Amino acid sequence: AQSVTQPDIHITVSEGASLELRCNYSYGATPYLFWYVQSPGQGLQLLLKYFSGDTLVQGIKGFEAEFKRSQSSFNLRKPSVHWSDAAEYFCAVGDWGGGNKLTFGTGTQLKVEL
Amino acid sequence: DAGVIQSPRHEVTEMGQEVTLRCKPISGHDYLFWYRQTMMRGLELLIYFNNNVPIDDSGMPEDRFSAKMPNASFSTLKIQPSEPRDSAVYFCASSLAGGTYEQYFGPGTRLTVT
Chain Z
1 AQSVTQPDIH ITVSEGASLE LRCNYSYGAT PYLFWYVQSP GQGLQLLLKY
51 FSGDTLVQGI KGFEAEFKRS QSSFNLRKPS VHWSDAAEYF CAVGDWGGGN
101 KLTFGTGTQL KVEL
Chain W
1 DAGVIQSPRH EVTEMGQEVT LRCKPISGHD YLFWYRQTMM RGLELLIYFN
51 NNVPIDDSGM PEDRFSAKMP NASFSTLKIQ PSEPRDSAVY FCASSLAGGT
101 YEQYFGPGTR LTVT
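Those protein sequences? They're chains Z and W, same order as listed. Heads up: the first sequence begins at 1 in this note's numbering, then just goes up one per residue. Heads up: the second sequence begins at 1 in this note's numbering, then just goes up one per residue.
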């Protein structure tokens, strides 16, 4: 079965600094990959997705992610973090069993220091 | 589109009472998912529907939990009787068949059982 690993439970960065959140997946074929963000008290919002083509995908709020098949990774990046980016970030992969199911990672909590 | 709509946003009830959570998916979406989120267990898939039919309810924790989707515009998740350990945030999400699996989440219902 597919799985998603987000090795960092918590990350703290200074406002204006660059950000990279790690995501590794296990999947037998070309995966559908997603990053979601959850602000406090809110639902999950889709940041970006990858399903084919260009391995560098752009998302909302200035985020981007790069799919690296050789490393089974889909890391999320942002060149300059804003205080409003403080939230929890979830990586997800489409379930090979179909049904539009997603397998989510355990999330990375991002704290931004002013 | 208004997005996925959930009601109520907050529910406080006493142990033993029946609780009904409601969800309206995005119009035209074929899949509907119910999740539960807690600090201890993270985001758990409870059940999902395709074209109003339950496909996989293996995540439903106990017989006290039931879910229905009487039509394409409405779903309910019921807990009867409720227990304090059911306290969590419950999310509904919907997705379009034939797409790339992305799910769109509602704002959630925060349930507190005292």
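Backbone N, C-alpha and C define an ideal beta-carbon position, used for all residues, glycine too. Owing to the predicted nature of the structure, the values given are computational and were not obtained by experimental measurement.
Item, Value
"Straight-line gap, residue 43 of chain W to residue 16 of chain Z (C-alpha atoms, nearest Å)", "30 Å"
"Counterpart residues of residue 9 of chain Z in DSSP-defined beta bridges", "DSSP, once it has assigned bridges, lists no residue as partnering residue 9 of chain Z."
"Chain Z contacts made by the region 77-88 of chain W, where a contact means CB separation under 9 Å", "none"
"Between the CA atoms of residue 42 of chain Z and residue 8 of chain W - distance to the nearest angstrom", "14 Å"
"Exposure of residue 102 of chain W, with buried meaning 16 or more beta-carbon neighbours within 10 Å", "buried"
"Where residue 108 of chain W falls: helix, strand or coil (DSSP)", "coil"
"Residues sharing a beta bridge with residue 91 of chain Z, DSSP", "Z:35"
"Contact set for residue 17 of chain W: own chain, Cβ-Cβ below 6 Å, skip 5 residues either direction", "82"
"Whole-angstrom distance between residue 27 of chain Z and residue 72 of chain Z, CA atom to CA atom", "8 Å"
"Positions along the region 39-66 of chain W whose CB lies within less than 8 Å of some CB in chain Z", "42, 43, 45, 48, 50, 55 and 56"
"Proximity of residue 93 of chain W and residue 35 of chain W at Cβ, strictly below 8 Å", "yes"
"Pair within 8 Å by beta-carbon distance, residue 12 of chain W and residue 78 of chain W", "no"
"Below-8 Å beta-carbon distance, residue 90 of chain W vs any chain Z residue", "no"
"Residue 45 of chain Z and residue 88 of chain Z closer than 8 Å at C-beta", "no"
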